[in-house]
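Data first, discussion second: the structure below is written as structure tokens.
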Amino acid sequence: PVQVHDGGVVIVEDGGATIICYKTTCAGKLLECGDCVDNDGDGLVDWRDPECLGPCDNTE
Numbered sequence: 012p013v014q015v016h017d018g019g020v021v022i023v024e025d026g027g028a029t030i031i032c033y034k035t036t037c038a039g040k041l042l043e044c045g046d047c048v049d050n051d052g053d054g055l056v057d058w059r060d061p062e063c064l065g066p067c068d069n070t071e
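Residue 12 is where the sequence shown starts when you use this note's numbering, and the numbers rise one by one after that.
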């Protein structure tokens with residue numbers, strides 16, 4: 012991932028799509044579904060992963 016000037020992270024997904032992700036904290040914590048990382052290795056990051064119910068979900 013590459014950092015962009017406004018705090019976003021540029022990510023190239025497995026299929027070649029380029030997205031900009033913004034890390035989101037919940038109650039001061041950075042959880043799996045808001046950290047801009049493909050935590051479960053399925054090629055989908057945070058909101059693009061159907062296992063994430065929202066940025067405050069910790070079960071990607």
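We put the beta carbon where it would ideally sit given N, CA and C, even for glycine.
What is the residue span of the beta strand (DSSP E) that Val48 lies within? Neither: Val48 is in no beta strand (DSSP E) and is coded neither H nor E.
Using the beta-carbon count (16 or more within 10 Å), is Val56 buried or exposed? buried
Give me, in chain order, the residues of the same chain whose beta-carbon lies closer than 7 Å to that of Cys32; leave out the 5 immediate sequence neighbours on both sides. Gly19, Val20, Ile22, Cys47, Val56, Asp57
Once the 5 residues before and after Asp49 are set aside, which same chain residues still bring their CB inside 6 Å of it? Val56
Quick one, are the C-beta atoms of Cys63 and Cys44 less than 8 Å apart? yes
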